[in-house]
Structures are given as structure tokens and as C-alpha cells.
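One structure below.
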Amino acid sequence: MNKMILVLATALAISCGDNKKEEKTEVKIGTQIEEAAPAQTTDDKVAEITITGNDQMKFDKSEIRVKAGQKVKLTLKHVGKMDKSVMGHNWSLLTQNADMATVGQASALAADTDYIPADMKDKFIAHTKMLGGGESDTIEFDAPAPGTYTFMCTFPGHYALMQGKFIVE
32 MNKMILVLAT ALAISCGDNK KEEKTEVKIG TQIEEAAPAQ TTDDKVAEIT ITGNDQMKFD
92 KSEIRVKAGQ KVKLTLKHVG KMDKSVMGHN WSLLTQNADM ATVGQASALA ADTDYIPADM
152 KDKFIAHTKM LGGGESDTIE FDAPAPGTYT FMCTFPGHYA LMQGKFIVE
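Count along the sequence shown from 1, then add 31; that gives the number in the numbering used here.
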């Protein structure tokens with residue numbers, strides 16, 4: 032019976048692979064497997080997050096999770112090649128009561144303030160500077176109260192594709 036379970040488990044593991052080389056780990060039946068910590072968290076006090084934006088108007092993350100009150104150290108890297116006047120990107124975290132479309136439309140008219148509308152600063156928790164291809168910026172802020180917040184790029188028109196959820200637990 033144990034041999035049959037081992038053969039079935041081995042066949043299942045082989046058939047579910049995606050042809051990538053992976054380290055083999057021996058797991059005995061009945062042992063508990065510990066889940067790895069999220070990649071962006073280095074400890075309970077600081078969440079280190081790196082997010083990229085590209086010339087196809089996409090962030091590489093659509094969801095970020097942190098703990099309430101945790102210090103967040105976020106780095107935005109523009110991995111594209113286009114200049115910021117053509118394909119600029121920033122990372123902006125909105126307050127819970129901010130409407131993304133309203134902020135996005137107002138941002139499009141705020142070129143003189145790096146696409147952060149001066150009369151809407153109260154709708155932002157944090158934001159990076161506007162970046163062109165090959166540039167990066169790191170910001171630090173304290174995670175807000177538990178809840179789901181929106182992050183977006185405020186360059187004109189980008190918020191339609193460059194957005195995600197910032198979940199505070």
C-alpha cells in the first residue's frame with residue numbers, strides 16, 4: 032500500500048511539472064510543510080518591495096500585501112527604454128476614499144507637478160517621482176490602516192492598465 036501511494040505521488044509530481052529545473056525536496060507523508068514568507072517582506076517591521084513598469088504600460092505586480100503599521104520601502108524600476116516625456120511611470124498609493132478615475136483624469140492635466148495634482152494631494156498616501164526608461168526611485172512610508180487601497184501610475188492614460196491592489200492586513 033505504501034509503495035502504491037509513493038508511486039502515485041511520484042507520478043503526480045512528474046506529470047504536474049512545467050519542465051523547469053527545480054531542486055528536489057524529500058517530503059515524508061505526515062510532515063508539515065512550512066510556507067515561505069512573501070518575497071517582499073524582510074521582517075515584520077519592514078516590507079521591502081520592488082515593482083517594475085515597462086514600455087508596454089504594465090506593472091509586474093497587481094497586488095501587494097503588507098501589515099498595518101509596517102514600514103514600507105518601495106522601489107519602482109522603469110525597465111523600459113522610452114523617455115519619461117513619452118512613457119513616464121510613477122507608483123502612487125491612493126487613500127481609500129480616492130476615486131482612481133477622478134485622480135487619473137486630474138493627473139493628466141498636472142504635467143507641471145509631475146502628474147500629481149496639487150489640489151488632490153490629500154488623495155495620495157505616497158508616490159514615487161516620475162521616471163523614464165532605466166531610472167528607479169525608492170520611497171519609504173508607513174502602511175496605513177487595514178484595508179484595500181489602490182495603487183496606480185498617474186502618467187496620462189496609464190491608470191487604465193497600470194494599477195493594482197495594496198492590501199493591508
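Even glycine gets a Cβ: it sits at the ideal position worked out from N, Cα and C.
Residues of its chain near residue i, where Cβ-Cβ distance is below 6 Å and the 5 sequence neighbours each way are ignored
i: A139; result: P187
i: S93; result: G195
i: I170; result: L105, A157, T159
i: A129; result: K154
i: E57; result: Low confidence applies here, because E57 scores a pLDDT of 44, under 50, leaving its location unreliable and the question unanswered by this model.
Best match in the options for proximity to residue i [C-alpha to C-alpha]
i: G165; options: M113, D91, G135, T159; result: M113
i: S123; options: I82, V77, P177, A176; result: I82
i: K154; options: G135, V110, E171, D145; result: G135
i: M88; options: V117, A149, I80; result: V117
i: D86; options: G111, K76, I80; result: G111
Cβ-Cβ distance between residue i and residue j below 8 Å
i: L107; j: S167; result: yes
i: G281; j: Q127; result: No answer is possible for residue 281: the residues shown for the chain start at 32 and end at 200.
i: M183; j: K115; result: no
i: F172; j: A157; result: yes
i: H7; j: M193; result: In the structure as shown, the chain begins at 32 and stops at 200. Residue 7 is therefore absent and cannot be evaluated.
i: Y180; j: M131; result: no
Beta-carbon proximity list for residue i, same chain, < 8 Å, skipping 5 on both sides
i: A174; result: A78, V97, K98, A99, G100, Q101, K102, V103, V199
i: Q63; result: Confidence at Q63 is low in this model, with a pLDDT of 39, below 50, so the placement of that residue should be treated as unreliable; the coordinate-derived value is given next. Around Q63: no qualifying Cβ.
i: A176; result: A99, V199
i: K55; result: Only weak support is given to the placement of K55: the predicted model assigns it a pLDDT of 41, under 50, and the value that follows is read from those uncertain coordinates. Hits under 8 Å: none found.
i: D145; result: N121, K160, M161
Continuous beta strand (DSSP E) stretch holding residue i: start and end
i: T179; result: 178–183
i: E171; result: 167–173
i: F197; result: 194–199
Own chain residues within Cβ distance below 7 Å of residue i, not counting five before or after
i: M151; result: V134, A137
i: D91; result: I82, T83
Chain B within 8 Å of residue i, Cβ atoms only
i: N121; result: No chain B is part of this structure, which consists of one protein chain only.
Within the segment 109–162, note down every full beta strand (DSSP E) run reaching 3 residues or more, in order along the chain. Listed in chain order, the beta strand (DSSP E) runs fully inside the segment 109–162 are 123–125, 155–158, counting runs of at least 3 residues.
Taking only runs of the alpha helix (DSSP H) that begin and end inside the segment 70–109, which ones reach a length of at least 4 residues, in chain order? The alpha helix (DSSP H) runs of length 4 or more contained entirely in the segment 70–109 do not exist; there are none.
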